[in-house]
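**Student:** Residue numbers (the UniProt record's numbering): 1 to 219.
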C-alpha cells in the first residue's frame, strides 16, 4: 500500500507543488497587503478624529464578525455584479487581505495604546513631528508587542486560503481533492496536505521568532 501511495505521489508531484506555490503566493500577498492596511487601520483607531474612528471601528467590527467564506464569495461575485471583474486569484487575495487588515488593525491599536503617553509628549517636547515620533519612538516599541499576535494572524491566513477552492482557486486543498478524485487515496493525501500546511505555518512561526529576536531590546 505504501509503495502504491508513493507511486501516486510521484505521479501527482507537479500538481502538489503547484498547489503549494499557489497557497504560499496567495497567503503572502494577503498577509503583506493586510498588514500594511492594518497599520493604517490601527493608526486611525488611535489617532484619528471622532468621525474617522467611528468609520474605521465599524469596518473592523463588521469584517471581524463576518465569516471568511462570506468575504471570499462577496469579493468574487459582488465585485462582478458592480462591474469590477476580478479573477479568482485577485478576489481571493482581496478577501483575505481585508480580513487580515481588520485583525492587524486591532493588534496595532492595542500595541500603540499600551505605550505610555508620556513618551509621545516627550517626543513633542523635543520638536519631533508625528511621523518622526511614530517611526522612531512608537512603532519600534509597538512592533515588539505586535509580533506574537501577528504570527497567529498570518497562520490563520494560510488556513483561510483553503476556502478559496470554492471560487476555483487551484490552491493546495483543491489540488489535493483533484488527486483524490483520481486515485481515491483520501486518508493519505489529506494527511500529506495537512503536513504541508503545517510546514508553511511552522515557517511563518520561525520567521516571527527571528524578527522577534532581531527587534528585542539588548539585555
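Idealized CB from N, CA, C, for every residue including glycine.
In three-state DSSP terms, what is residue 83?
**Tutor:** It is coil, neither helix nor strand.
**Student:** Starting from residue 95 and walking both ways along the alpha helix (DSSP H), at which residues does that stretch end?
**Tutor:** Element bounds for residue 95: 88-113.
**Student:** Does DSSP put residue 213 in a helix, a strand or coil?
**Tutor:** It is helical.
**Student:** Can you tell me the Cα-Cα spacing of residue 42 and residue 36, whole angstroms?
**Tutor:** Using only the alpha carbons, I get a separation of about 10 Å.
**Student:** According to the Cβ coordinates, are residue 34 and residue 96 closer than 8 Å?
**Tutor:** In contact: residue 34 and residue 96 (Cβ atoms closer than 8 Å).
**Student:** Do the segment 176-195 and the segment 7-16 touch if we need at least three Cβ pairs shorter than 8 Å?
**Tutor:** Touching, per the Cβ criterion.
**Student:** Which stretch, first to last residue, makes up the alpha helix (DSSP H) that contains residue 45?
**Tutor:** It spans 13-47 - the alpha helix (DSSP H) in which residue 45 sits, taken as one unbroken run.
**Student:** Identify, in the order they occur along the chain, each residue of the same chain with its Cβ nearer than 6 Å to the Cβ of residue 212, setting aside the five sequence neighbours on each side.
**Tutor:** Counting only Cβ-Cβ distances below 6 Å, and skipping sequence neighbours, we find 147.
**Student:** Using only the alpha-carbon positions, how far apart do residue 114 and residue 100 sit?
**Tutor:** One C-alpha to the other measures close to 21 Å.
**Student:** Using the C-alpha atoms, what's the distance from residue 165 back to residue 189?
**Tutor:** Residue 189 and residue 165: Cα-Cα distance of roughly 16 Å.
**Student:** Short check: CB of residue 107 to CB of residue 154, under 8 Å?
**Tutor:** It is not a contact, given that the beta carbons lie outside the stated cut-off.
**Student:** Use the C-beta contact count for residue 68: other C-beta atoms within 10 angstroms, 16 or more gives buried, fewer gives exposed.
**Tutor:** Per the 10 Å Cβ criterion, buried.
**Student:** So, does the segment 16-24 touch the segment 156-176, judging by three or more C-beta pairs under 8 Å?
**Tutor:** Judged by Cβ distances under 8 Å, the segment 16-24 makes contact with the segment 156-176, as three or more pairs qualify.
**Student:** Cα-Cα, which of 207, 196, 102 is closest to residue 18?
**Tutor:** Selected option, being the one with the closest Cα: 196.
**Student:** From what residue to what residue does the alpha helix (DSSP H) around residue 157 run?
**Tutor:** 139-160 is the span of the alpha helix (DSSP H), which, as asked, contains residue 157.
**Student:** For residue 39, which residues in the same chain have their Cβ closer than 6 Å to its Cβ, ignoring the five residues on either side in sequence?
**Tutor:** Contacts found: 108.
**Student:** State the CB to CB distance for the pair residue 150 and residue 208, rounded to an integer number of angstroms; the pair is presumed to be in contact (CB under 8 Å).
**Tutor:** At roughly 7 Å, the Cβ-Cβ gap stays under 8 Å, so residue 150 and residue 208 are in contact.
**Student:** Measure the Cβ-Cβ separation of residue 45 and residue 62 and say whether it is below 8 Å.
**Tutor:** No, the pair does not count as a contact, with Cβ atoms beyond the cut-off.
**Student:** Suppose you measure from the CA of residue 215 to the CA of residue 105; what does that come to, to the nearest Å?
**Tutor:** About 20 Å.
**Student:** In the DSSP assignment, find the alpha helix (DSSP H) that holds residue 167 and state where it starts and stops.
**Tutor:** Here residue 167 belongs to no alpha helix (DSSP H), and DSSP marks it neither H nor E.
**Student:** Just how far apart, CA to CA, sit residue 94 and residue 125?
**Tutor:** The alpha-carbon atoms of residue 94 and residue 125 are separated by roughly 41 Å.
**Student:** Rounded to whole angstroms, what is the Cα-Cα separation between residue 91 and residue 82?
**Tutor:** Roughly 14 Å between the two C-alpha positions.
**Student:** So, for residue 6: in the same chain, excluding its five sequence neighbours on each side, which residues have a beta-carbon less than 8 Å away from its beta-carbon?
**Tutor:** Nothing listed; no residue qualifies.
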